[in-house]
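A.B. asks: First to last, the protein sequences are chains A and B. Start counting the first sequence at 1; every next residue gets the next number (our numbering). Start counting the second sequence at 328; every next residue gets the next number (our numbering). This structure is in structure tokens; I'll ask about it shortly.
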Amino acid sequence: MTHNAFRTLLQSWDFTITIIFLLVMLAGSFISPYFLDPGNLLETTFNFIEKAIIALPMIFIILCGDIDVSVGSIIALSSLAMGAASEAGLQTAGLVSIGLAVGLLAGMLNGWLITRFEIPAIAVTIGTQSLFRGISQAVLGDQAYTKYPESFAYFGQGYIGGTNIPFELVLFLVLALLTGILLHRTTFGRKIYALGRNPVAARFTGIPVNRLRFIIFSWAGLFSGIAAVLLTSRIGSTRPNIASGIELDAITSVVLGGVAITGGFGGIYGVVVANFLLGYLKFGMGLINIPGRVMNLVTGSLLIIAVVIPELFKQFDVRTNKRRTAL
Amino acid sequence: MKGLQQLIKRRETTLAIIIVMFMILISFRYPRFASPENIYDVLNDTAVLILAATAQFLILLTGGIDLSISSIMALVGMLVSMLNMQLPDLPIPLVLLITLILGFVFGSINGLLVGFLRIPPIITTLGTIAIFRALVFLVSGGQWVSAHEMSALFESIPHRPFLGISGILLFTAIAIILVGLFINYTQKGRAIYAVGGNRLAARLAGISGSKIDFMVFSFSGVLSGLAGLLYVTRYAAAQTDTAVGYEFQAVAACVIGGVSVLGGSGTISGVLLGSFFLGLLYNALTVINLSPFYQIAIQGAAILVAIVANTIVNQRNQQKMLAKRSLI
Chain A
1 MTHNAFRTLL QSWDFTITII FLLVMLAGSF ISPYFLDPGN LLETTFNFIE
51 KAIIALPMIF IILCGDIDVS VGSIIALSSL AMGAASEAGL QTAGLVSIGL
101 AVGLLAGMLN GWLITRFEIP AIAVTIGTQS LFRGISQAVL GDQAYTKYPE
151 SFAYFGQGYI GGTNIPFELV LFLVLALLTG ILLHRTTFGR KIYALGRNPV
201 AARFTGIPVN RLRFIIFSWA GLFSGIAAVL LTSRIGSTRP NIASGIELDA
251 ITSVVLGGVA ITGGFGGIYG VVVANFLLGY LKFGMGLINI PGRVMNLVTG
301 SLLIIAVVIP ELFKQFDVRT NKRRTAL
Chain B
328 MKGLQQLIKR RETTLAIIIV MFMILISFRY PRFASPENIY DVLNDTAVLI
378 LAATAQFLIL LTGGIDLSIS SIMALVGMLV SMLNMQLPDL PIPLVLLITL
428 ILGFVFGSIN GLLVGFLRIP PIITTLGTIA IFRALVFLVS GGQWVSAHEM
478 SALFESIPHR PFLGISGILL FTAIAIILVG LFINYTQKGR AIYAVGGNRL
528 AARLAGISGS KIDFMVFSFS GVLSGLAGLL YVTRYAAAQT DTAVGYEFQA
578 VAACVIGGVS VLGGSGTISG VLLGSFFLGL LYNALTVINL SPFYQIAIQG
628 AAILVAIVAN TIVNQRNQQK MLAKRSLI
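Shown next as structure tokens:
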């Protein structure tokens with residue numbers, strides 16, 4: 001391997017995040033003998049798969065240089081609709097359709113407001129964040145929907161066949177594969193990158209910029225609907241504060257996965273690894289009794305360090321290059 | 328006459344008119360709504376939000392966003408409350424000074440990361456919102472500081488009358504006036520608008536974006552720290568989940584007040600009116616006996632209506648301007 005190729009590999013984020021992931025797994029196995037147990041590793045995915053599913057459409061959104069902070073509230077709205085429908089006697093198939101439809105509609109509302117009025121996504125989604133959350137709070141007050149059909153529990157609690165592989169995990173892997181293909185193997189994906197790197201140039205090339213953004217915000221709504229089905233099914237109840245704060249976790253995992261917040265750079269692989277990395281990191285810290293809030297100290301620091309180090313390298317490179325040219 | 332026309336065209340005037348109309352409307356249901364006493368109460372309730380919104384305003388002006396405001400509020404609030412448990416008789420000016428210094432320290436951590444390590448504001452503060460909140464938990468061990476553990480002197484900060492108004496309003500007013508003077512009448516203050524309007528042009532004009540970023544994040548920290556002190560003393564409790572969600576509420580107040588999230592445009596009077604409008608909205612729900620559970624939904628609707636209305640007005644103004652130019 002030539003010096004340059006080795007350097008490129010070291011500088012690739014996918015490589016770095018894989019190494020960090022392996023380090024976490026290694027550290028985990030030293031910390032506790034229960035960490036590397038396959039059963040435990042599979043069971044733990046229940047705790048972070050909904051977040052990981054939200055992170056998938058967030059890749060598209062951040063690649064476009066946009067942001068969506070309303071996804072947690074869309075989950076609340078979608079879960080509310082399913083709860084109300086279940087009280088009215090609807091069965092599992094109907095509940096799932098309603099959950100997905102409400103998510104999609106909420107995402108379409110975001111997309112419409114953002115593209116029709118040319119309003120920055122952050123402003124719109126802060127508004128819909130409180131609107132959607134507020135609706136579920138207005139309807140439920142301090143109550144909760146807890147009556148769900150028995151078969152509905154499968155989505156968030158079930159396993160594939162007779163194995164101990166959670167349905168959620170398999171669904172996530174399928175969705176991640178789908179997202180990866182869309183992103184890296186279709187013209188749709190190439191257009192997203194073009195749009196993220198230079199929106200003006202993208203428009204001049206004939207890419208329907210606003211239609212594309214409308215589609216990805218609707219797409220995020222649909223995925224929030226999927227996450228709502230899984231989460232509601234897993235915890236078996238709908239409360240107004242369901243999934244609050246999940247948007248910041250999802251954005252964190254996407255950025256940690258190497259997607260540039262300014263748009264245009266990053267891919268599916270890093271984000272998938274980042275989600276497992278964060279999930280297993282929290283699992284490991286849980287095994288040694290670190291409280292949940294303190295775990296945030298670690299994940300927050302990890303996010304900042306992950307972004308600082310490449311930046312420091314870059315600044316160092318610029319300086320040494322300057323010196324070289326001076327010589 | 329021209330001055331009057333310009334006044335009418337300004338966004339702040341529109342918002343002020345909407346506020347007055349809203350007050351008249353609610354007064355039909357509840358005559359005391361527009362009374363000076365009630366407005367004084369609303370102002371007291373809104374002071375903390377005004378400070379948080381002003382902190383957010385400075386960052387929005389540069390085109391950034393500060394998600395960590397709520398966590399800085401909680402952390403500073405917790406630290407000064409714990410200090411008060413140890414030293415109950417610390418004089419108020421000293422408590423204030425310590426509060427401002429703590430706020431400055433945490434804000435300048437954001438400032439260093441954004442300004443000098445060039446991490447985008449949203450990522451920096453996404454990290455520090457979690458870190459500062461975790462620190463609240465670590466320093467307090469998950470415990471509250473409740474009313475009976477605070478000294479009477481400490482608890483009296485927001486209520487104690489100074490110069491005829493409550494302490495909370497006095498401190499807020501001083502902070503707002505200082506920020507207003509700073510951003511409108513000093514070179515450094517105008518530089519914030521310059522950086523937010525066009526970072527590259529500002530640099531070519533000799534203004535360092537990094538230094539401005541560092542400065543606004545430090546100021547944002549100071550204002551958030553003060554907001555935190557007033558929050559914990561007003562509610563007489565410092566908890567691990569103090570002020571959760573305030574970062575977005577602060578953005579909401581700014582956006583309703585006409586501040587652009589793209590940077591470079593917005594006024595301190597707009598921020599004041601936006602915060603006051605939200606405060607009035609919450610107060611109106613209580614006095615007309617609507618369930619407080621409707622609060623967040625109505626707030627969301629208000630934000631959306633405000634930004635859509637702002638955009639439509641802006642687009643129309645632009646079209647008019649273009650039409651005028653083509654005539655020439």
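No residue lacks a Cβ here, since even glycine has one placed at the ideal position from N, Cα and C.
Taking 7 Å as the limit between beta carbons, can you name the residues of its chain near residue 537 (chain B), skipping five residues before and five after?
C.D. replies: Within the same chain, residue 537 (chain B) has close Cβ partners 442 and 443.
A.B. asks: Just the C-alpha distance for residue 341 (chain B) and residue 643 (chain B), rounded to the nearest angstrom, thanks.
C.D. replies: The straight-line gap from Cα to Cα measures roughly 15 Å.
A.B. asks: Nearest-angstrom Cα distance between residue 129 (chain A) and residue 319 (chain A)?
C.D. replies: Cα-Cα distance, rounded: 44 Å.
A.B. asks: Quick check on DSSP: helix, strand or coil for residue 38 (chain A)?
C.D. replies: In the structure shown, residue 38 (chain A) sits in a helix (DSSP, three-state: H, G or I).
A.B. asks: With 16 as the cutoff for other CB atoms within 10 Å, does residue 472 (chain B) come out buried or exposed?
C.D. replies: Buried, because 16 or more other Cβ atoms sit within 10 Å of the Cβ of residue 472 (chain B).
A.B. asks: Is residue 565 (chain B) helix, strand or coil by DSSP?
C.D. replies: The answer is strand: DSSP assigns residue 565 (chain B) an E or B state.
A.B. asks: Does the distance from the CB of residue 33 (chain A) to the CB of residue 223 (chain A) come in under 8 Å?
C.D. replies: No, these two residues do not count as a Cβ contact at 8 Å.
A.B. asks: Looking at the unbroken alpha helix (DSSP H) that takes in residue 414 (chain B), where does it start and where does it end?
C.D. replies: Run containing residue 414 (chain B): none; DSSP gives neither H nor E here.
A.B. asks: Expressed to the nearest angstrom, what Euclidean distance is found between the alpha-carbon atoms of residue 339 (chain B) and residue 586 (chain B)?
C.D. replies: C-alpha separation (whole angstroms): 10 Å.
A.B. asks: Go to residue 503 (chain B), then tell me how far its alpha helix (DSSP H) extends in each direction, as first and last residue.
C.D. replies: Run containing residue 503 (chain B): 494-512, per the alpha helix (DSSP H) assignment.
A.B. asks: Of all the residues that make up the segment 453-480 of chain B, which are near chain A by a beta-carbon distance shorter than 9 Å?
C.D. replies: Cβ contacts with chain A come from 453, 454, 455, 456, 457, 458, 459, 460, 461, 462, 463, 464, 465 and 469.
A.B. asks: Can you tell which of B:620, B:581, B:556 and B:636 has its C-alpha closest to the C-alpha of residue 427 (chain B)?
C.D. replies: Measuring from the Cα of residue 427 (chain B), the nearest candidate turns out to be B:556.
A.B. asks: Assuming residue 111 (chain A) and residue 217 (chain A) form a contact by the criterion Cβ under 8 Å, report the distance between their Cβ atoms to the nearest whole angstrom.
C.D. replies: Confirmed, Cβ separation roughly 3 Å.
A.B. asks: Using the three-state DSSP reduction, which class does residue 166 (chain A) fall into: helix, strand or coil?
C.D. replies: Of the three classes helix, strand and coil, the one that applies to residue 166 (chain A) here is strand, per DSSP.
A.B. asks: Below 8 Å, how does it come out for the segment 382-390 of chain B and the segment 408-419 of chain B: are there three or more Cβ pairs, yes or no?
C.D. replies: Touching, no.
A.B. asks: Going along chain B in order, which residues have a C-beta closer than 8 Å to the C-beta of residue 57 (chain A)?
C.D. replies: Going along chain B, no residue has its Cβ under 8 Å from residue 57 (chain A), so there is no contact; the nearest lies around 18 Å.
A.B. asks: For the alpha helix (DSSP H) holding residue 122 (chain A), just list the boundary residues, first then last.
C.D. replies: It spans 121-140 - the alpha helix (DSSP H) in which residue 122 (chain A) sits, taken as one unbroken run.
A.B. asks: Give the range of the alpha helix (DSSP H) segment to which residue 459 (chain B) is assigned.
C.D. replies: Start and end: 448-467.
A.B. asks: Residues of chain A with a CB under 7 Å from the CB of residue 626 (chain B): which are they?
C.D. replies: Per Cβ cutoff of 7 Å: 130 and 134.
A.B. asks: Would you be able to state if there are at least three C-beta pairs under 8 Å between the segment 594-606 of chain B and the segment 573-585 of chain B?
C.D. replies: The answer is yes - the segment 594-606 of chain B touches the segment 573-585 of chain B, with three or more Cβ pairs under 8 Å.
A.B. asks: Quick check on residue 489 (chain B): does DSSP put it in helix, strand or coil?
C.D. replies: The answer is strand: DSSP assigns residue 489 (chain B) an E or B state.
A.B. asks: Given 8 Å as the limit, is there contact between the segment 250-268 of chain A and the segment 176-195 of chain A, that is, 3 or more CB pairs closer than that?
C.D. replies: Result yes; three or more Cβ-Cβ pairs closer than 8 Å.
A.B. asks: By Cβ distance, which residues of its chain are closer than 8 Å to residue 351 (chain B), with the 5 residues on each side in sequence left out?
C.D. replies: Within the same chain, residue 351 (chain B) has close Cβ partners 361.
A.B. asks: Just by C-beta distance, which residues in the segment 501-522 of chain B are closer than 7 Å to chain A?
C.D. replies: The segment 501-522 of chain B vs chain A, Cβ under 7 Å: nothing.
A.B. asks: Please report the distance separating the alpha-carbon of residue 238 (chain A) from that of residue 414 (chain B).
C.D. replies: Cα to Cα, the separation comes out at about 45 Å.
A.B. asks: With a 10 Å radius around its C-beta and 16 neighbouring C-beta atoms as the bar for buried, classify residue 37 (chain A) as buried or exposed.
C.D. replies: Result: exposed.
A.B. asks: Could you give the distance in angstroms between the alpha-carbon of residue 440 (chain B) and the alpha-carbon of residue 121 (chain A)?
C.D. replies: Each residue's Cα considered, the two are about 24 Å apart.
A.B. asks: Strictly by DSSP, which residues pair up with residue 238 (chain A)?
C.D. replies: For residue 238 (chain A), which the question treats as bridged, DSSP gives the partners A:145.
A.B. asks: Between residue 680 (chain B) and chain A, is any beta-carbon pair separated by less than 8 Å?
C.D. replies: Because chain B is modelled from 328 through 655, residue 680 (chain B) falls outside the range shown and cannot be assessed.
A.B. asks: Could you tell me which residues DSSP pairs with residue 472 (chain B) in its beta bridges?
C.D. replies: Per DSSP, B:565.
A.B. asks: Going by the CB atoms, is the gap between residue 125 (chain A) and residue 68 (chain A) shorter than 8 Å?
C.D. replies: Cβ atoms of residue 68 (chain A) and residue 125 (chain A): closer than 8 Å.
A.B. asks: Do the CB positions of residue 438 (chain B) and residue 551 (chain B) come within less than 8 Å of each other?
C.D. replies: No.
A.B. asks: Take residue 449 (chain B) and list the residues in its own chain whose beta-carbon comes closer than 6 Å to its own, dropping the five residues that flank it on each side.
C.D. replies: Excluding residues within five positions, the ones whose Cβ falls inside 6 Å are 392.
A.B. asks: Just tell me which of A:273, A:312 and A:311 has its CA closest to the CA of residue 20 (chain A).
C.D. replies: When only C-alpha atoms are compared, the closest one is A:273.
A.B. asks: Would you say residue 77 (chain A) and residue 106 (chain A) are within 8 Å of each other, going by their C-beta atoms?
C.D. replies: Their beta carbons are under 8 Å apart, which means residue 77 (chain A) touches residue 106 (chain A) by this criterion.
A.B. asks: Determine, using beta-carbon pairs with one atom in the segment 38-48 of chain A and one in the segment 293-313 of chain A, whether at least three such pairs fall under 8 Å.
C.D. replies: With the cut-off at 8 Å, the segment 38-48 of chain A and the segment 293-313 of chain A do not touch.
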